[in-house]
Structure formats: structure tokens, C-alpha cells
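Written below as C-alpha cells is the structure these notes are about.
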Amino acid sequence: MDLLQVLLFIPMYVKHGWTALNSPRGRYPGGLAAKAAAVYEALFYIWALTLGLLVPVTAFFAVTHFIGVPLYFGGYLSRYSRYGKAYAVFEIAELLYLAALLAAVLLRH
Numbered sequence: 010m011d012l013l014q015v016l017l018f019i020p021m022y023v024k025h026g027w028t029a030l031n032s033p034r035g036r037y038p039g040g041l042a043a044k045a046a047a048v049y050e051a052l053f054y055i056w057a058l059t060l061g062l063l064v065p066v067t068a069f070f071a072v073t074h075f076i077g078v079p080l081y082f083g084g085y086l087s088r089y090s091r092y093g094k095a096y097a098v099f100e101i102a103e104l105l106y107l108a109a110l111l112a113a114v115l116l117r118h
């Protein structure tokens, strides 16, 4: 694994960490930043599928995030702020998955 591949994980940790901490308080990424993050995440999971590691979970997150892109662009997710705690749990689960994926990638090389 080269440094560039490791660096691809950093925006994922930043976004999911921020959202896990702030969504229970009703704070969500918004505007252009949310849209850019949604696209980045969807593309990240396409790349992650090419690694051939943790494929079922990676595929789940890929589908989830491809569904999420039009929801972010349409502003639909901001209407569900009452689900902040559940969203935080999802974000924490995703952080755990990302840690497992990075560990698997690093151990493979």
C-alpha cells in the first residue's frame, strides 16, 4: 500500500468522526461541503471494492452511499434531524468498518 492509499482514508475519518460527534445535537454537514463529502464517500467505496477486502460490508456501504448522494443533493437528509442519535450510531459503525478496512489493507502489504 502506498501513502496515497492511506491518505484516502483521512477525509473519511474526519467526516464520520465529526458527524458521529455532532449529529446527536442536530448538527449535520451542509451545503457544498456535504455534497462534496457525499460524492467523495461514494467514490471511496467504489475504490474500496477494488481492494477485494471485506467485500460484503464494503458493498453495503457503497450502495448506501450511492443512494445518499441524491439525498444530500436534494437536501432530504437535513429534514430528519430527529434521527441524529441513530445517525451517530451508523457513523460510529462506519468508523469501525473503516478502521478494519485500513488494518486489512495494511496487513496485506
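Mapping the sequence shown onto this note's numbering, position 47 (from 1) lands on 56, and the numbers just tick up by one.
We put the beta carbon where it would ideally sit given N, CA and C, even for glycine.
Where residue i sits in the DSSP three-state scheme
i: P20; result: helix
i: L62; result: coil
i: P33; result: helix
i: G83; result: helix
i: H74; result: helix
i: H118; result: coil
i: G39; result: coil
Residue i classed as buried or exposed, judged by whether at least 16 other C-beta atoms fall within 10 angstroms
i: L110; result: buried
i: H25; result: buried
i: A108; result: exposed
i: F69; result: exposed
i: Y81; result: buried
i: P38; result: buried
Close-in-space but distant-in-sequence residues of the same chain around residue i (CB under 6 Å, 5 per side omitted)
i: E103; result: H25
i: G93; result: S32, P33, G35
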